[in-house]
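Going by the working numbering, the sequence shown opens with residue 9, and the numbers climb by one from there.
Positions of the beta carbon are idealized from the N, C-alpha and C atoms, including for glycine.
Remember, it's a predicted structure, so these values are computed and weren't measured experimentally.
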Amino acid sequence: LLFNKEYAAAKTQFDAVVNSGVYQLQDCFHDIFTTGGENGTGMIFTIQGSVNDGNGGSINGMFADRLNHPHGGSPFGCCGFHQPSHNLVNAHKVDSKGLPFLDKSYNNADVTIDDVVDPRLDWTVGRDNVPFLTWGIHEPTWIRNRPFGGPFSPKKFIHEPNEISNVGWSNKQLSPLNIPIIRYADVLLMLAETEIEVGSLERARELVNMIRERAAGCAINSDGVATTDLSDPSISWAKYDVKPYTEAWTDQETARTAVQFERRIELALEGQRMFDLVRWGIAEQVINNDYLPVEKTKRDYLIASPGFQSKHALHPLPQAQIELSKVDGESTLKQNPGY
Numbered sequence: 009l010l011f012n013k014e015y016a017a018a019k020t021q022f023d024a025v026v027n028s029g030v031y032q033l034q035d036c037f038h039d040i041f042t043t044g045g046e047n048g049t050g051m052i053f054t055i056q057g058s059v060n061d062g063n064g065g066s067i068n069g070m071f072a073d074r075l076n077h078p079h080g081g082s083p084f085g086c087c088g089f090h091q092p093s094h095n096l097v098n099a100h101k102v103d104s105k106g107l108p109f110l111d112k113s114y115n116n117a118d119v120t121i122d123d124v125v126d127p128r129l130d131w132t133v134g135r136d137n138v139p140f141l142t143w144g145i146h147e148p149t150w151i152r153n154r155p156f157g158g159p160f161s162p163k164k165f166i167h168e169p170n171e172i173s174n175v176g177w178s179n180k181q182l183s184p185l186n187i188p189i190i191r192y193a194d195v196l197l198m199l200a201e202t203e204i205e206v207g208s209l210e211r212a213r214e215l216v217n218m219i220r221e222r223a224a225g226c227a228i229n230s231d232g233v234a235t236t237d238l239s240d241p242s243i244s245w246a247k248y249d250v251k252p253y254t255e256a257w258t259d260q261e262t263a264r265t266a267v268q269f270e271r272r273i274e275l276a277l278e279g280q281r282m283f284d285l286v287r288w289g290i291a292e293q294v295i296n297n298d299y300l301p302v303e304k305t306k307r308d309y310l311i312a313s314p315g316f317q318s319k320h321a322l323h324p325l326p327q328a329q330i331e332l333s334k335v336d337g338e339s340t341l342k343q344n345p346g347y
């Protein structure tokens, strides 16, 4: 419904989830990415993962992240895929009010220790000199090839040392964590999206503020665990802040931008971003104009990228299926434009 822009109908479905009383945001953003909190009230639908459950290869572990742990000198040893971008890291900057830079000026310079950032950054991205949960401090040697892929590691789905598999060729990389498909924060933000399109801007602001207020509930401390004090004196690598929107939303386009930005931060590295950009009809603009020109100067593998083309909004249909759809010699399936 949402992809078809049937906003009123989609809103009815999202309202039903919210009004059911079954789900609520867990206190700490990181809770839902731990074995203790992954089946909590903030998760709606997940693919369950487990290790050390009697299977000789721990094949019930979260294979999705097997290649996505830090490489080289890290405790994992392999393999350094799915590295977060500078753009994503920079997007976590906040202004003096604890709000994001919706004007995209966040990407004018890379994050430094002097910048104030949303605490979700260091639950999501592995950065040098920051605790990588309780695995130790993330170091430059943990990156396979910094000029090629940048200096950051994915962190959101990393398990704790006491949760590793006892078997398997990559036992430290097999995670017992579940793979989230739909979580409550996602539903709240999709509901906010529909509220904007039906004209309820203030309700959308309330929903986004629920997400932001929860984000302020914890930060990572020097022990690699959560603290409720964003000014914890042990935090030497960042200044954290995140605040709700206090001024009324009266402009629909600005409200759209705020919801879109919140989805990017809240759901980062969860496989939602491209689908969101396509749904909003801004993939070509964001990738070709905002992302690639700067990111190409920082990550070698992007240099040859031709960018996003309009045809990329849809995948090509398999030719075999087009052939199988023929009736009286005519294909009932037609190839998507551009292929």
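Excluding five sequence neighbours on each side, which residues of the same chain lie with their C-beta closer than 7 Å to the C-beta of residue 343?
The residues are 324, 325, 330.
Taking contact to mean 3 or more Cβ pairs, one atom from each stretch, closer than 8 Å, check whether the segment 306-322 and the segment 154-170 are in contact.
Touching, per the Cβ criterion.
Taking contact to mean at least 3 C-beta pairs separated by less than 8 Å, is the segment 199-212 in contact with the segment 99-116?
No: the two stretches stay apart, fewer than three of their Cβ pairs being nearer than 8 Å.
Going straight from the alpha carbon of residue 265 to that of residue 64, what length do you get?
Residue 265 and residue 64: Cα-Cα distance of roughly 48 Å.
Do you know offhand how far residue 140's Cα is from residue 134's?
Computed Cα separation, rounded: 6 Å.
When DSSP labels each residue in this structure, what does residue 108 get in the three-state scheme?
Strand.
Give me the Cα-Cα distance between residue 221 and residue 108, rounded to the nearest whole angstrom.
Each residue's alpha carbon lies about 14 Å from the other.
Please check the pair residue 6 and residue 276, which I expect to be a contact at CB under 8 Å, by giving their CB distance rounded to whole angstroms.
In the structure displayed, the chain extends from 9 to 347; residue 6 sits before or after that span and is not available.
Using 8 Å for Cβ pairs, my map puts residue 248 next to residue 227. What's the rounded Cβ distance?
Between residue 227 and residue 248 the Cβ distance is about 5 Å, and since that is below 8 Å, they are a contact.
Residue range of the alpha helix (DSSP H) that residue 265 falls in?
260-274 is the extent of the alpha helix (DSSP H) around residue 265.
Given a cut-off of 8 Å, decide if residue 95 and residue 115 are closer than it, judged by their beta-carbon atoms.
It is a contact, given that the beta carbons lie within the stated cut-off.
Take the Cβ of residue 294 as the centre, count every other Cβ of all protein chains shown within 10 Å, and call the residue buried at 16 or more, exposed below.
Buried, because 16 or more other Cβ atoms sit within 10 Å of the Cβ of residue 294.
Going by DSSP, what residue range makes up the beta strand (DSSP E) through residue 54?
Counting along the chain, the beta strand (DSSP E) containing residue 54 begins and ends at 51-55.
Please determine, among 46, 333, 13, the residue with the shortest C-alpha to C-alpha distance to residue 192.
Per the Cα distances, 46.
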